[in-house]
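Counting along the sequence shown from 1, when you hit position 159 you're at 159 in the UniProt record's numbering, and nothing is skipped either side. C-beta atoms are modelled at their ideal positions from N, C-alpha and C, and glycine is treated no differently. Remember, predicted model here, so these are calculated numbers, not experimental data. Since the structure comes first, as structure tokens, the remarks are kept for the end.
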Amino acid sequence: MVDKYEDPFVRIASMIGGDEYLKVARSLLKAEDATDEEIASSTGLRINMVRKVLYDLFGKSLITGIRVKDERKGWFVYRWRTRREEVEHFIENQKKKIEERLQQRLDYENASDFYHCGNEDCPRVTFESALDGMFKCPSCGSVLNLKKNDKSKKAYSKKIDEIKKDMQQTF
Numbered sequence: 001m002v003d004k005y006e007d008p009f010v011r012i013a014s015m016i017g018g019d020e021y022l023k024v025a026r027s028l029l030k031a032e033d034a035t036d037e038e039i040a041s042s043t044g045l046r047i048n049m050v051r052k053v054l055y056d057l058f059g060k061s062l063i064t065g066i067r068v069k070d071e072r073k074g075w076f077v078y079r080w081r082t083r084r085e086e087v088e089h090f091i092e093n094q095k096k097k098i099e100e101r102l103q104q105r106l107d108y109e110n111a112s113d114f115y116h117c118g119n120e121d122c123p124r125v126t127f128e129s130a131l132d133g134m135f136k137c138p139s140c141g142s143v144l145n146l147k148k149n150d151k152s153k154k155a156y157s158k159k160i161d162e163i164k165k166d167m168q169q170t171f
């Protein structure tokens with residue numbers, strides 16, 4: 001369980017992947033430059049799970065790996081280190097992606113007319129689909145009527161504004 005006072009790196013790792021990520025992130029904070037075997041030993045996780053988590057965090061630029069030669073075994077191993085300074089950048093990128101997706105959805109809502117039969121179990125359909133189905137609901141067969149989507153548009157706009165405002169406050 002993550003508490004609100006935990007290191008941001010640990011909180012983000014936990015949000016990305018749950019308990020395994022949480023354990024690996026805490027282990028990385030305790031022992032900088034740890035190998036995957038050392039992390040597996042300290043967390044009690046299987047080595048392949050630790051590697052999966054490490055590669056995912058590495059792919060998100062939240063950790064870095066340094067390749068060194070193991071003197072005892074004679075082969076190369078990676079020593080992993082957190083990049084805590086990248087956490088804020090990662091969060092901002094995620095916010096940008098969400099804002100872009102919401103904007104695309106808002107644009108779709110603005111560009112489309114939707115029709116609905118009034119039955120809550122039935123989906124709304126676009127004008128093209130309604131026309132193809134002779135304005136009969138594809139689920140229940142009732143007559144389709146134009147459905148205002150102002151609530152959806154307003155909700156998307158509000159969320160986009162919140163994210164933009166939040167991103168401006170961070171910079």
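Quick test of your reading: Arg105 and Tyr55, contact by CB under 8 Å. State the CB separation rounded to the nearest angstrom. About 31 Å separates the two Cβ atoms, so there is no contact after all.
For this session: Output the distance between the C-alpha atoms of Arg51 and Thr43, rounded to the nearest integer angstrom.
Result: 12 Å
* Tyr5, buried or exposed, once every other Cβ within 10 Å from all chains shown has been counted against 16 -> exposed
Is DSSP giving Phe171 helix, strand or coil here? With a pLDDT of 49 at Phe171, under the threshold of 50, the modelled position of that residue is not reliable, and the figure given next carries that caveat. Coil at Phe171, not helix or strand.
Practice task
Report the option in Ile163, Lys23, Cys140, Phe114 whose CA atom is closest to the CA atom of Glu100.
Solution key: Ile163
*Pro8 and Val87 look like a contact to me (Cβ under 8 Å); what is the Cβ gap, rounded to whole Å?*
5 Å
Decide if Tyr108 is buried, meaning its Cβ has at least 16 other Cβ atoms within 10 Å, or exposed.
-> exposed
**Request:** Compare the Cα-Cα distances from Asn93 to each of Arg11, Met15, Ala13, Met167 and report the closest residue.
**Result:** Met167
- Task: Starting from the N-terminal side, write out each stretch of the beta strand (DSSP E) that is 3 residues or longer and does not extend beyond the UniProt domain "HTH TFE/IIEalpha-type" (5–88).
- Result: 63–69, 76–82
Note to self: Check whether the segment 33–41 and the segment 63–79 touch, using three or more Cβ-Cβ pairs below 8 Å as the test.
What the structure shows: yes
- Assuming Leu144 contacts Lys136 (C-beta within less than 8 Å), just tell me the rounded distance between them. 7 Å
*asked:* Taking 6 Å as the limit between beta carbons, can you name the residues of its chain near Asp113, skipping five residues before and five after?
replied: Phe127
For Asn145, which three-state DSSP category applies? strand
Item to complete: Could you name the residues of the same chain whose beta carbon sits closer than 8 Å to that of Lys23, not counting the 5 residues immediately before and after it, in chain order?
Response: Thr43, Gly44, Leu45
request  = Below 8 Å on the Cβ atoms is my guess for Ala25 versus Ser14; work out the distance and round it to an integer in Å.
outcome  = 7 Å
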